[in-house]
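Input: a single structure, listed below in C-alpha cells.
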Amino acid sequence: MKIEILGTGCSKCKQLEENVKTAVLRSGKKDIEIIKVTDISLIIAYGVMSTPALIIDKKVKCTGRIPDSKEIAEWIKT
Amino acid sequence: MVDIFLPIQWLADAVTYGLLGIEMNTYLGNAVNFFIYDTIKIGMLLVLINYLMAFVRYYFPMEKVRDILTKRRWFGLDYLFAAVLGMVTPFCSCSSIPLFIGFMQARVPIGVTFAFLISSPLINEASLYFFPAIFGLNVAIQYNVMGILVAMFGGLIIQRLNLEKYVNRDLLKSQATKNVETNADKKKHSLKILLGYWWADGWIITKQVFPYVVLGVGIGAVIHGFVPENLVTQYLSAKTWWSVPIAVLLGAPLYANSVGILPIMEALANKGMPLGNLLAFMAGITTISIPELIILKKVMRWQLLAAFLTVTLLGAIVMGYYFNMIL
C-alpha cells in the first residue's frame, strides 16, 4: 500500500503526516509506504485544489482538511 | 440586545477583583480584566467556529467550489458567487497555487478566480462570526457586504484588463489526469462518527490558532489597560483623506492571524480609533500577505501580481473610507 501526503509544507501537512504515521503504526501493517509530495505539478496532477490532501493507492481520500488517525486507520484497513 | 457574553464578564470581574484582589479602575485591573474576558470569549468562539468550519470543509471542499463555478454559466453572477464562496469556505494561503491552477484549468474566468482570491482573506470566518461579537451586528453586516462588493469589482477589473496572458502556461499544461472524487465513502459514516471527525479536525486548527489569540489578547490588554486614550485620539484618530491609505500601507507588510489580531483591534476601537482607519489597517494585514504573494509569483508574471496587489490595496482603502464616512 502506498500513502501519499500532498502539501506544500505548512503546519497542517505536518500534522497530517503525524496522524498517518500513528494510524500506520497502530494498524501493524508492514507493507505501507508513506511518501510526502511537495511538488506542485504533482499535486495538481491529482486534481487536488486544497492541501493537505491524502492519497491512498492513487485514490484521493480527502482534501483541505486533516483527518484524524482513526479515520485514516479505517482507510488503510481495507 | 441581551449580551450573551455577560456571564464571562462576571467571571472575569470575579477573578480580577475578587480572586486576584486587584483594585477596580486601575491600569492593571483593566488590563487583567480585558485579558481574562477576551481569552475566554474568543477561545470559546474559536472552538465553536472551528467546529463549524470543519463541517463546511467536509461538505464543501474547494473541488466542489470549482465545479459550481464551471458546471453552469451564471451570467455575471459568477462574480457574486465566487465572492460569497470565498467568504464561507475556509481557505489556507498555502493552498493558493493548487487553487489558482485548479480554477484556471477548469476554465473559470480569471476575474472570477481573483474575485475568490480577494474575498477569501478579506471576508472570512473572522469577519463573519467574530465581528458580530466584537464590533456589533451592524458593522459586521456592512463589512461583509462591502467585502463582497470589493471582491466582485476587483475581479471585474482584473478581467477587463485582459491579464490572462501573464499566467504561467507551463503549469496549466500539466492537465489533471483524474478528477477528485472527494469523500467518495462519505455515506458509510454515521452522524455520530462524523461529529467526532469534525471535532478532531476543528480542534487541530483551534490548537494552532489559540497561542496567537492569547498573544493578540495580551497586546490588546496592554493597550486597553495602559495606553492613555488621548494618545490614541491624538495620533490615530485623524479622519483625513490620507489616514486610511496610510493605515492600509502600514498593515500590508504585517501579517497576522485574522482571529489573533481581533482583540488588538477591539482595544484600539475602545480607545477611540475611528473604525474606518482600524478596518483598513486590519484589511491591509489580513489580505496582503507577502508569503502568499511569493507563492503566487510562481504561477503568474509580475504584471498580473501587481494588478492583484493594487486592486487589493484599493479595496482595503475603499473599505476604510466607507466606514469613516458612515460612522
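For the record, the sequence lines run as chains A and B.
Throughout, the working numbering is defined as the position within the first sequence, counted from one, plus 1040.
Throughout, the working numbering is defined as the position within the second sequence, counted from one, plus 84.
Yeah, the Cβ is synthetic: ideal placement off N, Cα and C, and Gly gets one too.
Those residues which DSSP pairs with residue i across a bridge
| i | result |
| --- | --- |
| A/K1042 | A/E1073 |
| A/A1191 | The structure shown does not extend to residue 1191 of chain A, since chain A spans only 1041 to 1118, so no value can be given for it. |
| B/V251 | B/M384 |
Whole-angstrom C-beta distance between residue j and residue i, which should lie under 8 Å
| i | j | result |
| --- | --- | --- |
| B/V316 | B/L352 | 7 Å |
| B/L411 | B/L393 | Actually they are not in contact, since the Cβ atoms of B/L411 and B/L393 sit about 28 Å apart, beyond 8 Å. |
| B/A138 | B/D254 | Not really, about 35 Å apart at Cβ, beyond 8 Å. |
| B/Y250 | B/R385 | 4 Å |
| B/N341 | B/Y296 | 4 Å |
| B/Y121 | B/G113 | About 12 Å; that fails the 8 Å criterion. |
| A/I1074 | A/V1060 | 6 Å |
| B/L153 | B/V192 | 5 Å |
| A/E1057 | B/Y281 | At roughly 18 Å, the Cβ-Cβ gap does not stay under 8 Å, so A/E1057 and B/Y281 are not in contact. |
| B/E147 | A/T1103 | 7 Å |
| B/I379 | B/P337 | No, B/I379 and B/P337 are not in contact; Cβ-Cβ is about 16 Å, not under 8 Å. |
| B/A190 | B/R150 | 5 Å |
| B/I92 | B/I124 | 5 Å |
Contact check, residue i vs residue j, beta carbons under 9 Å
| i | j | result |
| --- | --- | --- |
| B/I289 | B/N134 | yes |
| A/I1080 | A/T1048 | yes |
| B/G300 | B/G335 | no |
| B/G309 | B/Y111 | yes |
| B/S204 | B/A224 | no |
| B/V328 | B/G360 | yes |
| B/A391 | B/I241 | yes |
| B/T371 | B/I202 | yes |
| A/I1045 | A/P1107 | no |
| B/M349 | B/I218 | yes |
| B/L247 | B/Q387 | yes |
| B/F198 | B/Q243 | yes |
| B/V343 | B/L136 | no |
| B/G238 | B/V395 | yes |
| B/F119 | B/A166 | no |
| B/G404 | B/V298 | no |
| B/P347 | B/I106 | no |
| B/G186 | A/V1088 | yes |
| B/K323 | B/N222 | no |
| A/K1076 | A/K1042 | no |
| B/A235 | B/Y163 | yes |
| B/A96 | B/N109 | no |
Limits of the unbroken alpha helix (DSSP H) element including residue i
| i | result |
| --- | --- |
| B/V383 | Element bounds for B/V383: n/a, residue is neither H nor E. |
| B/Y339 | Counting along the chain, B/Y339 falls outside any alpha helix (DSSP H), and DSSP gives it neither H nor E. |
| B/T371 | L359 to T371 |
| B/A96 | L90 to D97 |
| B/T123 | Y111 to Y143 |
| A/I1116 | S1109 to K1117 |
| B/L346 | L346 to N354 |
| B/Y319 | E313 to Y319 |
| B/G500 | An answer regarding residue 500 of chain B cannot be provided, because it is not within the stretch 85 to 411 covered by chain B. |
| B/I242 | L221 to R244 |
| B/V149 | M146 to K155 |
| A/L1082 | I1080 to A1085 |
Note to self: Suppose only complete runs of 4+ residues qualify. What are the alpha helix (DSSP H) ranges in the region 1045-1072 of chain A, listed by chain order?
What the structure shows: DSSP runs (the alpha helix (DSSP H)) wholly in the region 1045-1072 of chain A: 1051-1067.
Check: Residue ranges of each alpha helix (DSSP H) run of no fewer than 4 residues wholly in the region 173-216 of chain B, ordered along the chain?
Finding: Here the runs fully enclosed are 180-189 and 194-206.
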